[in-house]
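A quick write-up on the structure given underneath.
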Amino acid sequence: MKEQVTVGEVVARVLEAHGVADIYGVISIHNLPIADAIGRREKIHFVCARGEAGAATMADSHGRFKGLGVCLTSTGAGAGNAVGSLIEACNAASPMLHITGQVESAYLDRDASFIHEAKDQLTFLRAASKAAYRITHPDQVVGILCEAIRVARTVPMGPVSVEIPIDVQATTIALPADLGPIAVPAMPVASQEELSGLLHQIQQARRPVIWVGGGAIASVAAITALADKGIPVLSTTHARGLLPDAHPRSLRAFHNSPSVKQLLEEADLVLVAGSRLRSNETTSYSTSFGHPLIQIDAYPGAQNRNYRVDQFICADCQPVLAYLAEHLPDRIDSEYDRTIKRAVVQAESSLIEQVGNYANLCQALRDALPQDGIFVRDITVSGSTWGSRLLSFQHPNQNIHSLAGAIGLGLAQGIGAAIANPGKKIATIVGDGGLMLGIGEMATMVQENIDMVLIVMNDGGYGVMRGIQNSYFEGRQYYNELHTPNYCDVGKAMAMPSWQVGSAEEFASAIGEAMRLKGPALIEVDMVRVGPLEFSGPPQKTLY
């Protein structure tokens, strides 16, 4: 006789079959059969988030490193709490599985005021996810879960939600024989004609530029080889470190600098590899590119999405770039190299002048963070200025942030990054306003003994909004002043070592001590004492 198990246990076993080692969640009466099975089996580490938004954000961050992040939420309002995080995961193309409960099957879609019921939950999950499914019968559980994982991992990747009514979760069935894993479809491959033609065009170009995004993140060796052969590389903030910042032909992420914009406009070939050419990195799509403009992307729908290109190659970036790196001869041009260097020096100097004393904080953090450490930044003034471009990185996936531009995700992203990367030090920078959206996850940070330094940049409100209001609303300031606690005291109340600093020198001392500790720590930076930091939001083509 076949082993009899609950559907909740089948869910746990499917996750195990797919190599899931960690799951982030909040337990509820509408997901306990699944949580109970995970606990009994002791094969998956369950991270107790303090809210569904935090759990989903942790899973998003985890998926960026491990190929799949998983979260478990409650039903109705609990599932709704995860929506903002699902939207972020869609923007970041993070492979993620969101499992949520549902009311009893007999009461689905009846507006019966069943506890935790939400009007048309599946619709809002579909709107916020790449796809969403409802399991209505125990026999569907393996097939739909495997399909959800396949869709989440298929380019363009993204979060997939699955809702399972509580009575279905509790049903006992015969253990299915095949639990997975499910194969992910092969990526599209460029034809030899496309490869040869692209190689010829690059050989003919005198001033080519390669623009790389997150879709090229597996192409480190090829990108480095192409840069070694004479081609400058400009990365999106998501692709920071794909080419080491220290490389002489790295344009880093200075895409909004006038000197780099000029280089892009004067290029006689621009190759865009795995990038969406986002609004904040093209000044609302006003950046001018030289021609031919050639795009490589594994997703057919990316063609001409934001810019009309001269050629589109639907293929996985890695083998295309590897082919170019192997067959392209050296094309070192000393004059072009000088132009590249001038563009970077001008961009960096301008940024250092803009951030002022915070450049010293940036250097202190760089000195303290191990070379393999990971920097997570919330959408805050420091994160969007010196944190996004001035802080140097030599490897990909070392600068994690919200691609949707949402504040309040940094702390949870840091926790997910830490659990996905045991043994690596994490530094997470957040603003005082953004931190309040998920401050409860500080308790998760301590409970899980996360090896992370949480850096709270406290300017007493929404500093980004102040800058925008100064620039575009004649200096009128409304609704950006916030009452904030003493975060150093909050850290101590959470039982973690904590510092409060008000100068670059004090920060350098505190960050050095905090990095030497094993486990969670907090540094609150009093920005009023450190000095002003000017930022008026991302560059805009037009605004208001």
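Heads up: the sequence shown runs through residues 7 to 550, numbered per our numbering.
Just so you know, even glycine gets a beta-carbon here, dropped at the ideal spot from N, CA and C.
Computed from a prediction, not measured in an experiment: that's the story for all the values here.
For residue i, which beta-bridge partners are listed by DSSP?
| i | result |
| --- | --- |
| Pro39 | BP columns for Pro39 are empty, so no partner. |
| His253 | His253 pairs with nothing; no bridge assigned. |
| Val507 | Val531 |
| Asn405 | Phe381 |
| Arg140 | Glu169 |
| Glu487 | Gly467 |
| His51 | Asp28 |
| Gln324 | DSSP output for Gln324 lists no bridge partner at all. |
| Gln10 | Ala180 |
Taking the beta strand (DSSP E) that residue i belongs to, which residues open and close that run?
| i | result |
| --- | --- |
| Tyr30 | Asp28 to Gly31 |
| Glu530 | Ala527 to Asp532 |
| Arg383 | Ile380 to Arg383 |
| Tyr364 | Counting along the chain, Tyr364 falls outside any beta strand (DSSP E), though it belongs to the alpha helix (DSSP H) covering Tyr364 to Ala374. |
| Tyr342 | Segment Ser340 to Val361 is the alpha helix (DSSP H) holding Tyr342; no beta strand (DSSP E) there. |
| Asn464 | Met458 to Asn464 |
| Ile319 | Gln317 to Cys320 |
Would you kindly work out how many angstroms separate the C-alpha atoms of residue i and residue j, rounded to a whole number?
| i | j | result |
| --- | --- | --- |
| Thr12 | Thr177 | 5 Å |
| Pro526 | Ile406 | 18 Å |
| Phe52 | Ala59 | 16 Å |
| Ala233 | Gln352 | 20 Å |
| Arg284 | Thr293 | 11 Å |
| Thr345 | Arg212 | 13 Å |
| Leu38 | Gly57 | 16 Å |
| Glu447 | Leu185 | 33 Å |
| Pro306 | Gly31 | 34 Å |
| Tyr313 | Arg246 | 22 Å |
| Thr106 | Val496 | 32 Å |
| Ile223 | Ile216 | 14 Å |
| Gln360 | Ser388 | 11 Å |
| Met500 | Leu528 | 10 Å |
| Gly572 | Val16 | Absent from the model: residue 572. The displayed extent of the chain is 7 to 550, so no value can be given. |
| Arg258 | Val239 | 7 Å |
| Cys494 | Glu511 | 18 Å |
Under DSSP, the alpha helix (DSSP H) around residue i begins and ends at which residues?
| i | result |
| --- | --- |
| Glu473 | Per the sequence shown, residue 473 should be read as Gly rather than Glu. Gly469 to Tyr478 is the extent of the alpha helix (DSSP H) around Gly473. |
| Ala133 | Gln127 to Ala134 |
| Val16 | Val13 to Ala23 |
| Tyr493 | Tyr493 to Ala499 |
| Thr450 | Glu447 to Gln453 |
| Ile435 | Unbroken run through Ile435 is the beta strand (DSSP E), Ile432 to Gly437; no alpha helix (DSSP H). |
| Gln146 | Where Gln146 is concerned, there is no enclosing alpha helix (DSSP H), given that its DSSP letter is neither H nor E. |
| Gln419 | Gly416 to Ala426 |
| Gly389 | Val387 to Ser390 |
Segments assigned alpha helix (DSSP H), at least 4 residues, entirely inside the region 156-232 | Listed in chain order, the complete alpha helix (DSSP H) runs (minimum 4 residues) inside the region 156-232 are 172-176 and 198-210.
Can you find at least 3 beta carbon pairs, one from the region 162-172 and one from the region 193-210, that sit closer than 8 Å?
-> Contact fails: fewer than three Cβ-Cβ distances are below 8 Å.
Report the residue ranges of all alpha helix (DSSP H) runs contained in full by the region 234-306; include only those spanning at least 4 residues, in chain order.
-> For the alpha helix (DSSP H) assignment, the uninterrupted runs of no fewer than 4 residues enclosed by the region 234-306 are, from N- to C-terminal side, 264-272.
Just checking, does the region 461-471 make contact with the region 432-444 on the three C-beta pairs under 8 Å criterion?
-> Taking a cut-off of 8 Å for Cβ pairs, the region 461-471 and the region 432-444 touch, as three or more such pairs fall below it.
Given 8 Å as the limit, is there contact between the region 51-63 and the region 110-122, that is, 3 or more CB pairs closer than that?
-> Taking one beta carbon from each stretch, the region 51-63 and the region 110-122 have fewer than 3 pairs nearer than 8 Å; the two do not touch.
Specify whether the region 490-510 and the region 518-532 touch according to this definition: at least 3 beta carbon pairs, one from each stretch, less than 8 Å apart.
-> Counting C-beta pairs with one atom in each stretch, the region 490-510 and the region 518-532 have three or more that are closer than 8 Å, which means they touch.
Are the region 424-434 and the region 265-281 touching by the rule of at least three beta carbon pairs closer than 8 Å?
-> Judged by Cβ distances under 8 Å, the region 424-434 makes no contact with the region 265-281, as fewer than three pairs qualify.
Would you check if the region 132-146 and the region 88-98 touch, i.e. whether three or more CB-CB distances between them fall below 8 Å?
-> Touching, per the Cβ criterion.
Any contact of the region 388-398 with the region 40-51, i.e. 3+ C-beta pairs under 8 Å?
-> Judged by Cβ distances under 8 Å, the region 388-398 makes no contact with the region 40-51, as fewer than three pairs qualify.
Which residue spans inside the region 57-108 form an unbroken beta strand (DSSP E) run of at least 3?
-> If we require 3 residues or more, the beta strand (DSSP E) runs fully inside the region 57-108 come out as 75-79 and 102-108.
So, do the region 326-344 and the region 221-229 have three or more beta carbon pairs nearer to each other than 8 Å?
-> Segments in contact, yes.
At least three beta-carbon pairs within less than 8 Å, the region 411-419 to the region 374-388 = Three or more Cβ pairs drawn from the region 411-419 and the region 374-388 lie within less than 8 Å of each other, which places the two stretches in contact.
Stretch-stretch touch, CB-based, cutoff 8 Å, three pairs: the region 510-520 with the region 365-383 = Segments in contact, yes.
Three or more C-beta pairs closer than 8 Å, one from the region 186-196 and one from the region 19-33: is that the case here?
-> Verdict: yes, contact present.
Say whether the region 114-131 touches the region 148-157, bearing in mind that this needs 3 or more beta-carbon pairs closer than 8 Å, one atom from each stretch.
-> No: the two stretches stay apart, fewer than three of their Cβ pairs being nearer than 8 Å.
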